[in-house]
Structures are given as structure tokens and as C-alpha cells.
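Take a look at the structure below.
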Amino acid sequence: MFRSPRPPLTAIVLAALTLATACTAAPAERPVYGPRAATVTPARLSETLPADPVRMVLPATGAESRWTQGLDVFTQQVRQAVAASCAREHGFALPGRIPVAFIRFSDVPDLDFIARHGFSESATVPAPPSSPAPDRTGTAAETRTCLARGTAKAQALRDRYAEVQGQWFGTIASLSQDDATATARALRTLPDCFARHGIEAADEQAYFALADRLMQSADASELPAQESRLGQAYAACMRPVEAVREPARTELRTRFLAAPEHAAAVRALRTTLVPALRAAEQLYGVRLVFPEP
Amino acid sequence: MRKAIAASALALACAAGSLVLAPTASAAPDACRNVVLITGDWEDDNGSQALKSATSTCSDLNLTEAQNLTATTYDWYAGRLYYTSTSTWKTCSAGYLRINNGTYATDTYVLCSSVKDNARFSVDSWFGGGDRVVITH
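Residue numbers (the working numbering), protein chains in the order written: chain F, 1 to 293; chain C, 1001 to 1137.
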């Protein structure tokens, strides 16, 4: 571009100007590729249940949380299926809705999944079997009625595990709040680790903020590469944190399961939950599936 | 090869630079907009979606009030954004955040960051939909 040699000061000014210009340009114009640049394959689905159903309802690891996510998506899909069937019976179509999605828990990160697929992507929730929908849009009242019917069926399933699950989530929440532990020490390694991956973030929250920002400013064609790079760095840096938290959660769960106050609920999970889910699959035409990296 | 490295370094510098230079979301509350949302697709377009303010000084979706109207006194909440670049809904990077019922200052619970002006957003909650939340944006 420049044919004649330039004195060093001018070179510095030029570099600064270039940087300033480039930085005011949308980041989309400067795609960032990590050392293992993206071939982003879509996430898969699994139908495999854990041998012990408690792991599906009371997850201790990011990997186990896939079952938890899938279970919740299943109940949402039961709700949609029942509501849609009700609407069809009454000759109207339900209005369009935001698609159901598998969503991860901030406190129980699924690092293998995030490493491969980034933060905002998950496996695609299977579309419900479609029947020809009536043309007519329902009135507000009849739409509400059918939605309520769907909600009731979904809630009946959730009632089988929601209370003990809530108690479990409360138990592991205390793990995140304890400052004086190995968890806090491990979390303090994050900023340096992020920096080694060329990313400036003081903590997880700052990392999520940066990821959101970069994802929204990227071109559609660059999104997979950005997701891949951000996911890989996060997963790599969080490994030491999860290396502390996973055994801690697993130990907590062992005690939780052994506690007398949870005995009845745990027994119910181990005996009646899966048959009820299988029956719901048959009755409502919905598959119980889980995201798989 | 060198050009690619230079481009990457430049992009990293830009990313870092823009992160450092961007103002923190410490805007006065009345410089941000509040919207009440019902979580999930409960009410479809009627109360469960909103557009990111293009005139406020808040760039994030802050959850500043949570009311789980069912039995529990907390819920998990996740922000979802509609990306016009791919015509799909995406979940924000943080995923589900556990939040007790109550009111909170901005920057306490950031569901989504750096949300584009007029981006369509929604909030999911774990224990069913139908929670009432206030999003300050």
C-alpha cells in the first residue's frame, strides 16, 4: 500500500489510526478465528435415560443437566401438544409461539457442550407431529381455555418431581455462594486464563457479556466461528472450576438422597417417574429427548 | 498467514478495546426503560415479548423485579433474543440465572448484554411460564 519507507513515528501514528478506524468499524468486518477454527457441527439428540432417574431430576454435573433440560422441554411440549389438540377439536389454530429450547443453567455449566457448540446454540427441539391446522384463529377466551388444559397436563407431570427438584436446586445454590472455598480460588484463575486465550473478561459474568456483544455484532456467516471460539475458551478456563464443583455437588447429592425427609420423593422418582413419562409419550405423541454434544 | 494473524490480533484488540471503552451500565434509572413481561410464551405476543429501547442509556437486559406466581419463592430466568441475521431465537450466553422473588438494582442480574436497538426479546422461566418480571433496558 505504501511505496516509500516511513519514519517510525509516522508508522506508529498510522498504526494507531488503522486501529482506531478498524475498531470503530463493526467487529463483523474483522472476524476472529481461534486456533481450532470452526467447523461447527450441530448438536445431536439422545434418547438414553440414566440408569438412576434421580440424575435426571437432581443434576450434579453439566452433563447430567442435559437430562434435566430435556425433561423440562418434554413437559413444555406436552403442554403444546395438548393445547394444539384441544384447539383442533374446536376448529381453530393456536397462535404462533416462540420455539421451545433446551436452556442451560448458569450454575451448572455443561462444558463439553459449550466447547463444541458455544453458548446460544443447543440441540434442535424436535418439531411436534403436525396435523392440518384449521384456518381460524381462536378468540382470546378459547385460546386461554386450551392453553390452560395443556398447562394442567404439563403441571401434572412436573408435580411428580418439581418439589424435590426445587429443594435440590436450593441445596446447590449454597455451593456457589460460599466464598471461602476452593471454588472461589478456582474462579479467581478465570481472568488470567481468559487472557491467555486472547479474551479480556474479569469473571464469568463479564465473559457472558462479551459473548453476547460479539454474537450480536457478527455477520450470520461468522456466528459459528465466534460461537466456537468463545465456547472453547470458556470451557477450557472453567475446567478447574468444575473440577472443584462437580465432586462437591455429587457429594451433596449423596447426602441429599440419604436424608430421611427426601426418602419418599426419591423413591417415587426411582419407581413411578419414568413409567409416567413413557405413558405421556404415547398419549401425547411427544418424544423424551436430551441435547447431546 | 501473517495477514490472518494480523487480522485476528486487530480483532482481538478491537474486542478488548471496545470492552474496555464501553461505558458500564451505571446509567441513572430514569435513563433506562422498564417493561413488565410475563415469562415464557404464556401470553404469546400479548405481554411476553418486547423490543429493546433504542433511546435508553442501558445497553443490557437487567432483571430488576421477579415475581414467581407459583409455589416457589424463586425461579430460574433466561433471556432470549430474536436474531434478525438468522431469523432465529437464541438464548443469551448466561443461560438460566437463579433469582429469588424481589426487586434489584440494575447490573445485579443481567440476562442479556449489549442488546441491539429494537431487538425483540423474551424471558423464559424454569418452573413453568407465567412469572411476572420487570426488565430494565
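Note that CB positions come from ideal geometry on N, CA and C, so glycine has one too.
Contact set for residue i: own chain, Cβ-Cβ below 6 angstroms, skip 5 residues either direction
i	result
residue 246 of chain F	61
residue 1113 of chain C	1060
residue 191 of chain F	202
residue 36 of chain F	The predicted position of residue 36 of chain F is uncertain, since its pLDDT is 48 and thus under 50; a value taken from the coordinates is nonetheless stated next. Result list for residue 36 of chain F: empty, nothing under 6 angstroms.
residue 47 of chain F	289
Environment of residue i [buried if 16+ CB atoms lie within 10 Å]
i	result
residue 1124 of chain C	buried
residue 1040 of chain C	buried
residue 227 of chain F	buried
residue 68 of chain F	buried
residue 89 of chain F	exposed
residue 44 of chain F	exposed
residue 211 of chain F	buried
residue 242 of chain F	buried
residue 26 of chain F	At residue 26 of chain F, the pLDDT of 39 sits below 50, so the modelled position is not reliable; the number obtained from the coordinates is stated separately. Flag for residue 26 of chain F reads exposed.
Residue i, DSSP secondary structure in three states
i	result
residue 191 of chain F	helix
residue 153 of chain F	helix
residue 109 of chain F	coil
residue 200 of chain F	coil
residue 227 of chain F	helix
residue 275 of chain F	helix
residue 1061 of chain C	strand
residue 1114 of chain C	coil
residue 1085 of chain C	coil
residue 254 of chain F	helix
When the options are compared against residue i, the one with the closest alpha-carbon
i	options	result
residue 154 of chain F	F/290, F/277 and F/293	F/277
residue 106 of chain F	F/132, F/82, F/292 and F/238	F/238
residue 144 of chain F	F/222, F/86 and F/265	F/86
residue 1049 of chain C	C/1111, C/1082, C/1074 and C/1103	C/1082
residue 1090 of chain C	F/168, F/103 and F/78	F/103
residue 209 of chain F	F/234, F/170 and F/188	F/234
residue 1117 of chain C	C/1075, C/1132, C/1051 and C/1086	C/1051
residue 100 of chain F	F/168, F/256, F/127 and F/274	F/127
residue 1104 of chain C	C/1084, C/1129, C/1098 and C/1063	C/1063
residue 54 of chain F	F/194, F/268 and F/174	F/268
Sequence-distant residues of the same chain with beta carbon closer than 8 angstroms to residue i, five excluded per side
i	result
residue 982 of chain C	Residue 982 of chain C falls outside the range modelled here, since chain C spans only 1001 to 1137, and no answer is possible.
residue 33 of chain F	Because residue 33 of chain F sits at a pLDDT of 44, beneath the cut-off of 50, its placement in the model cannot be relied upon, and the point is left open.
residue 1095 of chain C	1078
residue 129 of chain F	285
Cβ shell of residue i (< 7 angstroms), same chain only, five flanking positions each side left out
i	result
residue 198 of chain F	none
residue 137 of chain F	92, 93 and 95
residue 65 of chain F	59, 104, 105, 108 and 110
residue 82 of chain F	149, 150, 153 and 284
residue 79 of chain F	150, 151, 153 and 154
Query raised in the report: What are the start and end residues of each continuous beta strand (DSSP E) run of 3 or more residues lying completely inside the stretch 36-106 of chain F, in chain order?
Result: Under the rule that a run must span 3 or more residues, the beta strand (DSSP E) segments found entirely inside the stretch 36-106 of chain F read 44-46.
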